[in-house]
Structure formats: C-alpha cells, structure tokens
Amino acid sequence: MTIRATEHAPAPVAPTTVSVPAGRQSNGFARLITIQKQIPVVQLVLLVVVFLVGVVTLPGFGSPVSIASILILSALAGLASVGQTLVVIIGGFDLSVAGFIVAGALMVTQFAQVTGLSFFTALLLLIPVFLVLGGLTGYICHRFNVHPIIISLAMGSIALGLVRVVSGTAIVGSPPAFLRALTSPIGGTFGIPIPPIVAIWIVVAIAMALFLHRTVAGRKLYATGANPRAAGYSLVRTRWFWVGAFAFSGLCSGLVGVALVAFAGSVDSSLGDPYLFVSLAAVIVGGTVFGGPGDYTRTIVGALVLTTITTVLVGYGLVKADQQIMYGAIILLAMAIYGRDKKLKDRV
Amino acid sequence: MSTLAPVIPESPVGRPSDGQVVLELRSIRKAFGPTIAVKDATFQLRAGEVHAIVGENGSGKSTLVKILSGIHMPDSGEIVVSGDVRSSFSRPGAALKAGIATVFQEVLVVETQTVVENLWLGSDGFFGASKSTRAKRTEGAAALAELLENPPEMDVLIEDLSLSDRQACGIARAILRRPKVLILDEATSALDFDTRSRLFTVVRRLSSEGVGVILITHRMDEIEDIADRLTVLRSGETIATLPGDNWTTPQLVQLMTGAEALVEPEEQAVVAATATGPVVLEARGIRLTPSAEPFTFSLRAGEVVGLAGLEGQGQDTFLRALWGFGTSAGEVLRTTGGGEVQITSNASASRSGIAYVPRERRAESIFEWMSIQENFSLPTSRQDRRGLFLSNKASAARFTNYISRLNIKLGKPSDGITTLSGGNQQKVIVARWLASNPEVLLLNDPTRGIDINAKRDLYALLRTLAAEGLAVVMLSTEVDEHIELMDRVLVFHDDNCSREFSKRELTREGLVSSFFGSEKEVA
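Protein chains in written order, with the numbering used here: chain Z, 2 to 349; chain G, 16 to 538.
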C-alpha cells in the first residue's frame with residue numbers, strides 16, 4: 002500500500018538537484034552557429050559573393066562612382082538604423098522612422114520657407130523637437146507597458162502632422178544647394194575622396210562602438226534589453242533608457258530626412274517609406290536580436306548587404322515588388338538564425 | 016531520531032472512506048531540468064473520502080496537483096482513474112474529462128465576465144452550448160447559494176466581487192462539473208471564515224455522494240476538521256499515509272521534515288559566536304498589510320538573521336521592505352555612526368550600503384546572453400571607469416578576487432553566464448552585490464535549487480562575512496538552513512512576524528510547527 006517506512010530514509014528537505022555540466026557538447030554545426038552568433042559570417046560571405054557577382058555580370062558595377070553610390074545608399078540606410086539598433090537592443094522597435102524622416106525633411110525645406118527661418122535655424126529647432134517626440138514614444142511604452150508597434154507608428158504620424166500643420170498641406174520643397182554635396186558620389190570630405198555622408202557614417206560607427214562597449218551607459222543599455230527586471234534590481238533606470246533610445250532614434254530619423262532631401266533633391270510624402278523597412282531590416286539582417294545581443298557593427302554589415310543586393314537586382318531589371326519579396330525572405334531567414342533563441346520563447 | 020513509529024496501519028473500518036479507489040498514482044516522477052520535484056509518489060484516493068496531502072514547501076505537492084490536472088506530464092509512473100490506467104493527462108481538458116476538477120490557490124476567474132459566465136467557463140463547445148442559459152443560471156445560483164451566505168446575482172461582473180467571493184465562484188465552477196475527484200489546492204486560503212465552513216459542509220455532502228476529495232492545505236485545523244486520511248510528502252516522495260483521527264502535530268512535523276542534517280554537527284559549532292555589533296538597520300512599526308500587527312526589528316552588524324515560514328506568509332514582503340520597496344506602514348532606517356537615514360527606495364537603500372540578492376535567479380538576476388564578467392560587474396561598473404571609458408582590465412581584476420573567494424568554478428570570465436551551473440551562477444550574483452561593499456546584505460532564498468556544494472560554499476562565505484561585521488538577513492525556505500546558519504530566525508505567519516527563535520531555541524520540529532502557527536504544542 003502507500004505506507005512506507007521513514008525511519009532511515011535519508012532525504013534532504015529540498016528538491017534534489019544535480020549540477021549540470023558546464024557547457025553543452027558541441028558538434029561541428031553547433032560550433033558554426035556559435036561563431037555565427039558572435040560574428041556575422043554568413044552576411045559577410047553573402048556581401049562579398051553578391052558584390053563579385055555584380056562586378057562580373059553587370060558592366061560598370063565595379064566603377065568607383067558605382068561603388069560610391071552603393072556606399073552612399075548604405076550610409077543612408079545605416080544612419081537611419083542607428084537609433085533603431087539601440088531600440089532593438091533594449092527589446093523594442095521603432096516604426097516612427099518613416100514619419101520622422103519626412104517630417105525632418107519638411108522641417109528644413111518647406112517649414113523653413115513658410116516660417117522664414119534659415120536652414121540652420123530650422124535644423125537647430127529640429128533637434129530638440131525630434132528628441133522630445135521620440136523620447137515620448139519610449140516613455141509611453143515603458144510607463145504604460147504597451148508595445149512600441151502602435152505607439153511609435155502613432156508618434157511618427159503625429160510628427161509628420163505637426164510639421165504639415167505649420168507648413169501647409171501641399172508637400173513641395175527643395176534643398177539648399179550646398180546640402181547636395183553631402184550625398185554626392187563624386188564629392189570628397191576635407192580632401193579625402195570619400196562622400197561626406199559616408200565619412201559621417203564612419204564617425205558615427207566609431208562613436209557607437211565606444212558608447213556601447215566602453216561606457217557605463219552602454220552596458221546598462223544592454224542590461225535593459227537582456228533582462229529588464231534584473232536591470233531594475235541592478236538599479237538601472239530602465240525607463241530612461243527607453244526614453245533615451247527612442248529619442249535618439251527619432252533624432253536620427255529626422256537628420257536622415259535632412260540628408261535625404263539632399264540626395265533625392267525634393268521632398269514628397271513617400272520619401273521615408275522605404276527606410277521604415279530598411280532600418281529594421283538592416284538591424285535584423287545584421288544579426289541583432291530583440292533584447293540583444295547586438296551591435297551597430299552588425300547593422301553596418303546588414304545595411305551593406307541589403308543595399309548591395311538591391312543594387313545588383315536593380316541592375317538585373319528587378320522591379321520594386323521583387324525587391325519587397327526578397328527583403329521579406331531575407332528577414333525571415335535572419336529571424337530563423339537568430340530569433341529561435343530561448344529568449345523569444347520567454348518573451349511571448 | 017528514530018523514536019517515531021511511522022508505519023501506522025490504515026484503519027480498516029472508518030468513516031465513509033471504504034469506497035472503491037477512484038484515483039491512484041503509482042510511482043509518479045517528475046523532474047524540471049536538474050531539479051526533481053516529484054521523485055516517487057504513490058497515492059490512493061477512495062470514493063467518498065477527504066484525503067489531505069501535507070508537506071513542506073518544495074515537497075512536491077503543487078507539482079503533483081499539476082500532474083493530476085493535466086498541466087504537467089510526469090516523466091514516469093502511472094495514473095489510474097476509475098480503473099483506467101494512463102501515463103498522463105495531455106492537457107487540462109483531459110483531466111477534467113476524466114472527472115478530475117481542481118481549484119488552485121490563485122483565484123482563477125475572468126474579471127471582465129459575469130458570475131454565470133465564470134461558473135460555466137470552458138464548458139461550452141465552439142458552436143453549441145452545453146446547457147440552456149436558464150439551466151446554467153439556476154444550477155449556478157444553487158451552487159453559489161450553498162457556498163455563500165449572500166450569493167451575488169448571476170449578471171454581476173466578477174471584478175466587482177470580493178476576493179473570497181471570487182474564489183467561491185472558482186470552487187462552484189469545479190463543483191458544477193460534477194467531478195469524481197475534486198482537488199482543493201490551498202483553495203481555502205483566499206476564503207473568509209464563513210465561506211470556508213460552508214465549503215466544508217459542501218465537501219462533506221460531496222463525499223457522502225461518493226466524490227473523492229483531495230485537500231492540500233497548510234492549516235492543521237482544516238486537516239483535523241475534515242480529513243479522513245492524510246498523506247505526507249517529503250522531497251517528492253510519499254512518506255506515509257495516516258488515518259485522519261490518529262495523528263499529532265509533532266508526529267506530522269517529523270514526518271514532513273525527516274531528520275537528516277545537511278551539515279555535520281562539528282561544522283555547526285563554528286557559528287556559535289553571537290553577534291554583538293552596533294545596530295545597522297532598524298524597521299520600526301512595520302506592518303506588512305494594513306490589517307497586520309506592527310512590529311519592530313533591529314539588525315546588528317555581524318549577525319545572520321533568517322526569515323522563515325510557509326510560502327507567502329509575509330517574509331518576502333518584509334525582506335523587500337528592508338530594501339526600500341515599502342510596506343503598509345512603518346519605516347526602515349539605516350543607522351550608522353553618523354546618524355539615521357530613512358530607506359524610501361531601492362536607490363536610497365543601495366546608497367546606504369544595503370545590497371539585495373533577488374529571489375528568482377533567472378528572472379531577476381541573470382542577464383542570460385551576457386558574459387560572466389559582465390553579469391558580475393554591471394551594477395558596479397562605475398568602478399571600472401578609467402578616464403571616460405570602461406576598462407575591461409579593471410573589471411577583470413575586480414572579478415578575480417571574487418572567483419577565488421567564492422570558489423566560483425568557471426572556464427573564462429568572458430564565457431556566457433549560462434555556461435555555469437545554477438550554484439555558480441548564484442555565486443556570481445552574490446559576488447555582484449558584495450562588490451558594492453555593502454554593510455547589510457539581504458538575500459532572498461539564495462540557495463533555492465542549487466547543489467549541495469555550492470550551498471556549503473555559500474554558508475561558509477556568509478559566516479566569514481558576518482565575522483567580518485557584515486549584517487545578513489536571509490529568507491530561506493529550507494528548515495535546515497535556519498538551523499545551521501542563522502543566529503536567530505523570525506517566523507512569519509499570516510503577514511505577521513509571529514515568532515522569533517534565538518540560536519539555542521532552534522529545533523527543526525519547533526521551527527516547522529511554528530510555521531503552522533501551532534508552536535505551543537511542541538516548543
């Protein structure tokens with residue numbers, strides 16, 4: 002029956018535990034996955050292969066101007082994803098990018114014209130406004146524990162609306178002439194033969210690397226994404242990292258909008274649309290996972306891969322719809338590699 | 016400790032407990048990763064009996080109930096329901112279909128739906144309803160009327176009811192399914208006194224109709240009141256089954272705790288020195304809930320104080336209050352030579368040299384994808400600043416001290432924290448907080464689920480630190496830990512600090528029976 006002698010039953014009171022061997026035995030494939038999680042090998046190989054295919058099969062693809070164009074497009078995509086990278090690292094994502102880009106572009110063109118402000122005054126005004134609007138997204142998401150999908154989309158729409166209210170409904174505008182030099186493929190920076198926007202990108206990349214890996218704030222940012230509760234117990238003020246990351250993302254989008262005015266030569270309401278997707282795709286294809294691990298260097302690789310593939314495909318005569326299918330497929334692939342972690346399971 | 020004769024024959028004649036077996040568990044085992052929650056559970060429930068299952072925290076009661084209600088699947092063993100042998104219930108619906116209805120301690124109702132909707136929750140199919148609305152209302156009202164003196168209207172939203180009434184709805188929901196086996200898993204803890212006695216009347220009626228009832232409770236008076244038989248669980252094993260009218264509290268306590276010590280007696284002697292340092296932390300007029308009794312607690316440098324009690328009796332709230340989470344009333348003061356600082360937030364606690372090791376290692380402490388060293392250094396990373404930027408070397412140098420001091424077994428500090436065993440992870444977390452040079456260290460059940468060697472290392476460390484003047488408050492769910500490690504132990508019951516033991520008053524039996532609020536019988 003169910004009766005059992007207890008007299009000498011040696012049993013500790015707590016559930017018995019057995020220590021787990023440190024580390025799992027890894028076969029070759031597992032080791033590859035481990036390396037892949039530290040360095041985006043697949044993406045780098047893909048980049049080189051696609052580039053070589055372009056050079057061999059498309060006439061003029063390897064010319065300096067063509068390479069400069071790819072770099073400029075990559076820089077725009079990469080700069081649009083600086084803030085997005087931080088937002089993804091803390092475990093959110095920012096869909097206000099498109100709205101903020103158009104709003105930023107309008108700020109320095111039509112808004113400046115209507116209000117009679119100079120380009121630089123408008124630019125100076127843009128910085129605090131976009132920081133506040135972006136920061137508000139982060140604040141609302143964290144304070145009320147709502148997913149940033151809706152809030153950021155709404156905030157992008159509000160930003161665009163605000164600028165339009167002031168500058169009128171018709172969207173037209175053209176950039177000041179000197180701005181065009183920023184994104185000219187034949188231009189140089191202080192005598193160095195690199196387009197200015199690419200030079201800016203390099204500086205930003207170095208700053209991001211230092212910030213993320215060599216400052217207390219960078220560490221705490223990662224901690225906020227890795228485990229918000231544990232970060233809270235470690236006295237990290239996670240709310241301010243949400244505010245900060247989204248504010249920075251808002252500012253980046255606004256400034257990319259300014260650069261895009263120069264690149265595109267005119268402003269229209271669909272200016273930001275491709276960048277909404279590209280900014281997120283660059284981050285994810287680079288291998289940054291929601292809540293980390295992740296890095297801006299990965300986003301750089303992601304931006305280069307996406308831009309190069311797109312350029313080659315355009316060279317082959319693919320239309321926009323084809324590109325969209327390809328983008329979606331690449332993101333699915335990237336998520337299959339990085340997203341299958343236990344983290345995702347925890348989050349759902 | 017072999018004075019007890021544990022094998023007590025079941026009474027061949029009893030109360031209505033002679034019915035046939037409706038539910039039987041045979042050698043059930045269930046492990047969660049390295050932790051074995053249920054090791055070997057064998058148990059029989061007869062039709063028409065009320066069968067209590069008792070055991071300490073972590074003895075496997077909840078896991079067993081979850082296996083019976085189809086939430087967990089056992090690793091091995093058999094479940095026999097009405098003669099039907101099976102290895103598991105694949106989902107909660109399967110258990111319900113087999114006639115097993117469970118009411119859990121947590122009040123599980125849908126707040127935004129009405130009483131009648133909650134009573135019949137999940138009974139309808141995708142298209143057709145199980146009963147007419149009218150039948151649902153009358154049957155529901157009858158079931159509730161039996162449990163509550165003033166039953167609510169059927170159309171009232173559940174969120175407008177008191178907690179006790181909500182739980183009554185949860186119980187009525189289970190009863191309305193006409194189960195063959197009714198499991199009450201601490202379901203009475205949310206009920207008020209009147210509803211509880213009404214529930215017991217209902218339980219007696221059900222058992223007279225042949226329903227088998229499994230009662231999980233921490234309250235000895237409930238067992239005394241209503242149980243026909245009781246089964247003791249310890250460390251995931253069913254230790255003994257006793258008739259409901261032939262047991263004493265001390266006997267039960269001994270069955271629940273066993274008698275095996277974790278640390279050899281000679282090692283215990285080392286702790287004997289009692290702390291006489293200055294008061295470093297004081298909690299004045301603390302109330303854990305608005306209705307609880309206020310009490311005062313002062314902590315001296317160099318002492319190790321244990322917080323004990325059954326799960327959720329207020330010890331957790333109290334420990335967190337000491338780290339500035341706040342309570343209903345009272346204040347927490349950090350006293351130093353220079354004066355007093357009131358602790359009003361986590362930040363102020365931390366600034367005043369109070370460190371807190373949270374309870375859930377994985378959810379509240381670990382940054383899973385980050386390295387061991389990053390996990391260690393995060394809250395104190397300011398110390399690693401050299402000029403503008405962090406120095407990896409400085410951080411590594413700091414960590415090296417703790418690796419040897421806490422005997423942390425690791426590959427490289429740059430390896431992921433998840434490459435470590437639970438015990439070593441916990442050591443890293445303790446090191447994380449020691450690195451902030453605290454004068455008061457609060458630990459929330461730090462040895463839960465870690466292996467015995469890591470536990471010993473941790474005990475040794477805490478003793479050394481206390482000898483150096485650190486004040487330690489540690490919540491523990493393990494009785495042995497209190498016996499071996501603590502200079503004194505505060506016992507919590509019903510959100511009150513119900514009892515304090517000094518080192519020499521501490522015995523396993525005395526401590527455990529104080530958990531149940533019945534210390535007089537033993538101590």
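All C-beta atoms, glycine included, are put in the ideal place defined by N, C-alpha and C.
### Query
According to DSSP, is N390 of chain G helix, strand or coil?
helix
### Query
Got a sec? Which residues, its chain only, sit under 8 Å from L178 of chain G by beta carbon, not counting five neighbours each side?
V122, A205
### Task
Give, in chain order, every residue of the region 59-72 of chain G whose Cβ lies closer than 8 Å to some Cβ of chain Z.
Q59, E71
### Query
Just reading off the alpha helix (DSSP H) that N407 of chain G is part of, what are its end residues?
407-420
### Task
Show which residues of chain G have a CB atom less than 9 Å away from the CB atom of R215 of chain Z.
L403, F404, L405, S406, N407
### Same chain, Cβ closer than 6 Å to F391 of chain G, five either side skipped, listed in chain order
F414, V443, A446, R447
### Message
Does T311 of chain Z pass the burial test, meaning 16 or more other C-beta atoms within 10 Å, or should it be called exposed?
### Response
buried
### Task
Look at the Cβ atom of V257 of chain Z, then the Cβ atom of A81 of chain Z, and state whether they are nearer than 7 Å.
yes
### Query
Whose CA, out of Z:M209, Z:Y234, Z:A69, Z:A123, lies closest to the CA of G189 of chain Z?
Z:A69
### Query
Ends of the beta strand (DSSP E) at Q357 of chain G?
354-357
### Query
So, are the CB atoms of M271 of chain G and G70 of chain G less than 7 Å apart?
yes
### Query
Using Cβ-Cβ distances below 9 Å, what residues of the region 339-366 of chain G are close to chain Z?
N361, A362, S365
### Task
Can you give me the start and stop residues for the beta strand (DSSP E) that H508 of chain G sits inside?
503-508
#### Entry: Beta bridge counterpart(s) of K45 of chain G as assigned by DSSP
G:V53
### Query
Going along chain G in order, which residues have a C-beta closer than 9 Å to the C-beta of P294 of chain Z?
W384, M385
### Task
Check the Cβ of R230 of chain Z against every Cβ in chain G and list those closer than 7 Å, keeping chain order.
A378, E379
### Message
Taking the alpha carbon of L393 of chain G as the reference point, which residue from Z:T58, Z:V290, Z:Y223 has its own alpha carbon closest?
### Response
Z:Y223
### Message
Does K321 of chain Z pass the burial test, meaning 16 or more other C-beta atoms within 10 Å, or should it be called exposed?
### Response
exposed
### Query
With a cut-off of 7 Å, does the C-beta of L118 of chain Z fall near any C-beta of chain G?
no
### N- and C-terminal bounds of the beta strand (DSSP E) containing P258 of chain G
252-258
### Residues of its chain near G225 of chain G, where Cβ-Cβ distance is below 7 Å and the 5 sequence neighbours each way are ignored
G34, A62, G63
### Query
Just by C-beta distance, which residues in the region 453-484 of chain G are closer than 7 Å to chain Z?
G464, I465, D466
### Message
Mapping the DSSP letters down to three states, classify Q59 of chain G as helix, strand or coil.
### Response
strand
### Query
Say the cut is 6 Å; is the CB of E237 of chain G nearer than that to a heavy atom of the ligand FAD?
No copy of the ligand FAD appears in this structure; indeed no ligand is present at all.
#### Entry: Unbroken beta strand (DSSP E) run spanning G324 of chain G, endpoints
319-324
### Proximity test, Cβ basis, 7 Å: R299 of chain Z and chain G
no
### Task
Could you name the residues that DSSP lists as bridge partners for V118 of chain G?
G:L199
### Task
Alpha carbon to alpha carbon, how far is T148 of chain G from A158 of chain G? Give it in angstroms, no decimals.
15 Å
### Message
Comparing C-alpha positions only, which one of Z:L314, Z:V306, Z:G226, Z:V315 sits nearest to A335 of chain Z?
### Response
Z:V306
### Query
Starting from T350 of chain G and walking both ways along the alpha helix (DSSP H), at which residues does that stretch end?
Run containing T350 of chain G: none in the alpha helix (DSSP H); it sits in the beta strand (DSSP E), 344-351.
### Query
What residue from Z:I152, Z:P294, Z:L314, Z:H214 has the CA that sits closest to V244 of chain Z's CA?
Z:I152
### Query
Going straight from the alpha carbon of G136 of chain Z to that of G108 of chain G, what length do you get?
46 Å
### Query
DSSP puts Y371 of chain G in a beta bridge; with which residues?
G:L457
### Query
What number of angstroms, rounded off, separates the C-alpha of I381 of chain G from the C-alpha of I465 of chain G?
15 Å
### Query
How is the beta strand (DSSP E) around G300 of chain G delimited, first residue to last?
294-302
### Query
Taking all protein chains shown into account, do 16 or more other C-beta atoms lie within 10 angstroms of the C-beta of R335 of chain G, making it buried, or fewer, making it exposed?
buried
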